[in-house]
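Student:
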Amino acid sequence: MKHNEDAFHLSVQNYPNIQDGDDSITKSFSDFNQLPLKYQRAILDILKAKVKEYQEVVAQEEAEKICASEGHQFSKWKKGVDVQYEDTYIDHQFIPNYRTETIVWERTCSRCRFVERVEHEPQELIDTRREKNKQAQVRRLTKKLQQLQSKDE
Numbered sequence: 042m043k044h045n046e047d048a049f050h051l052s053v054q055n056y057p058n059i060q061d062g063d064d065s066i067t068k069s070f071s072d073f074n075q076l077p078l079k080y081q082r083a084i085l086d087i088l089k090a091k092v093k094e095y096q097e098v099v100a101q102e103e104a105e106k107i108c109a110s111e112g113h114q115f116s117k118w119k120k121g122v123d124v125q126y127e128d129t130y131i132d133h134q135f136i137p138n139y140r141t142e143t144i145v146w147e148r149t150c151s152r153c154r155f156v157e158r159v160e161h162e163p164q165e166l167i168d169t170r171r172e173k174n175k176q177a178q179v180r181r182l183t184k185k186l187q188q189l190q191s192k193d194e
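Heads up: take any position in the sequence shown, counting from 1, add 41, and you land on my numbering.
#1: So what does DSSP say about R152, is it helix, strand or coil?
#2: Can you check DSSP and say which residues form a bridge with K91?
#3: With the cut-off set at 8 Å, would you say Q96 and R152 are in Cβ contact?
#4: Less than 6 Å between C-beta atoms, sequence neighbours within five positions excluded: which residues of the same chain meet that for N138?
#5: Rounded to the nearest angstrom, how far is the Cβ of V156 from that of E142, given a contact under 8 Å?
#6: Using DSSP with H/G/I as helix, E/B as strand and the rest coil, what is Q176?
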């Protein structure tokens with residue numbers, strides 16, 4: 042609701058004929074009511090779209106401010122493929138629109154939609170995989186040890 046009020050106050054600044062508390066933005070246009078209904082609806086649809094766009098921009102700016110002060114809230118790393126087309130020479134031949142694929146790792150901030158991309162596997166994923174492998178190896182070795190101890194008894 043706050044964004045709607047902000048958008049209304051922004052429109053009040055742009056159109057001084059509108060007063061706080063007016064029910065309709067149509068009062069700022071003198072000939073608006075003489076327009077055919079389809080044109081009135083088209084104008085209102087454009088205004089609604091502009092207000093929605095403004096609200097999205099304001100929300101994005103607020104999220105970026107929060108992320109700048111508190112840090113990003115990233116999702117998990119995801120492995121993807123970045124496909125690009127470029128003109129290249131291979132084996133002394135010119136090949137237009139040659140497809141190149143690059144493996145990329147990316148994660149997105151849930152607040153501001155900032156995307157962090159790297160072309161190598163992130164170190165934190167490597168570390169967690171190593172830790173899981175160590176834990177699995179410890180479990181296997183303890184099982185073997187228990188089996189050997191039970192055979193000895």
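Beta carbons: idealized from backbone N, C-alpha and C, even for Gly.
Tutor: Let me spell this out:
#1: The residue labelled residue 152 in the question sits at position 111 within the sequence shown. Three-state result, R152: coil.
#2: The count along the sequence shown starts at 1 and reaches residue 91 at position 50. The partner list for K91 (beta bridge, DSSP) is empty, contrary to what the question assumes.
#3: In the sequence shown, counting from the first residue as 1, residue 96 sits at position 55. In the sequence shown, counting from the first residue as 1, residue 152 sits at position 111. No, these two residues do not count as a Cβ contact at 8 Å.
#4: Translated into positions along the sequence shown, residue 138 becomes position 97. Contacts found: Y126.
#5: For this step, residue 156 is matched to residue 115 along the sequence shown. For this step, residue 142 is matched to residue 101 along the sequence shown. Not quite, the Cβ-Cβ distance comes to about 19 Å (not below 8 Å), so this is no contact.
#6: The residue you call residue 176 lines up with position 135 of the sequence shown. Shown here, Q176 sits in a helix according to DSSP, grouped into three states.
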